[in-house]
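Residue numbers (numbering that gives the first Met the number 0): 0 to 188.
We treat Cβ as the ideally placed atom computed from N, Cα and C, and that holds for glycine.
Computed from a predicted model, the values in this text were never measured in an experiment.
Here is the structure we will look at.
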Amino acid sequence: MANINLLPWREEERAERQRQFVSVLGLIAFLGAVLMYLTFSYFGNEIDNQRSRNSFLQTQIRKLDTKIKEITTLEKERKELVDRMELIQDLQKSRPQIVHLFDEIVTKMPEGMNLKSIVRKGNKVLFTGIAESAPRISNFMRELATSQWIKKPDIEDLAEEKDSGAGRKSFTLSAIITSPTANSKGGKK
């Protein structure tokens, strides 16, 4: 006779598979939760580290900005000092020019001519004065043109002097102050 198994083995097998599925599902959910926790912890820690580095970099940038401002200030002061030194050197170089200018004026100015003022602006000098006649002014200009220290004399203004008498002229002359050494150096180049 044939043996027939009437025990509910299929239901038991189904129940066993169900329990295994639920336990595997629970294990996967647990591992997923742990993995998510570890991931969030890792990235949270990385974000905190990056914020810390950013804060450190911002502090260093502020320090460097302060140093850059100090350097800029020092460079500006240095440039001002260099400009002052150059100005002083230029003044030292031009000191003999004034002496030679007055010496040339005394030797080149004809009789019958008086200077009211001499104004120097850079290398340009303006002579203002009165002469007995226009030829005396022309003679003065010719004499200045032969000077080593004064070049390019030019009449700026010429007018009849009304208060001083007949024929007297008031004038304004301009000229360029040069140095013979500068002219000779310029000629060699």
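Item to check | Chain-order list of residues whose beta-carbon lies under 7 Å from that of K123 (same chain, five-residue window excluded) | outcome: S173, I175.
Next on the checklist: Considering only DSSP beta bridges, list what S51 is partnered with.
Outcome noted: Partner(s): none; S51 has no beta bridge.
Next on the checklist: Helix, strand or coil for N2? Go by DSSP, reduced to three states.
Outcome noted: Shown here, N2 sits in coil according to DSSP, grouped into three states, outside any helix or strand.
Item to check | Sequence-distant residues of its chain with Cβ nearer than 6 Å to K115 (five each side left out) | outcome: Apart from sequence neighbours up to five positions away, the residues of its chain that approach K115 with a beta-carbon distance below 6 Å are T127, G128, ordered along the chain.
Item to check | C-beta atoms of G166 and R135 nearer than 8 Å | outcome: R135 is positioned such that its CB atom lies no closer than 8 Å to that of G166.
Checklist entry - Comparing alpha-carbon positions, which option in R77, R83, T145 lies nearest M108? => result For M108, the nearest C-alpha among the options comes from T145.
Checklist entry - Does DSSP classify P134 as helix, strand or coil? => result DSSP places P134 in helix when its eight states are reduced to three.
Checklist entry - Would you call F101 buried or exposed, if buried means 16 or more other Cβ atoms sit within 10 Å of its Cβ? => result By the beta-carbon neighbour count (other beta carbons within 10 angstroms, threshold 16), F101 is exposed.
Checklist entry - Between which two residues does the beta strand (DSSP E) containing N113 stretch? => result Here the beta strand (DSSP E) through N113 covers 112 to 120.
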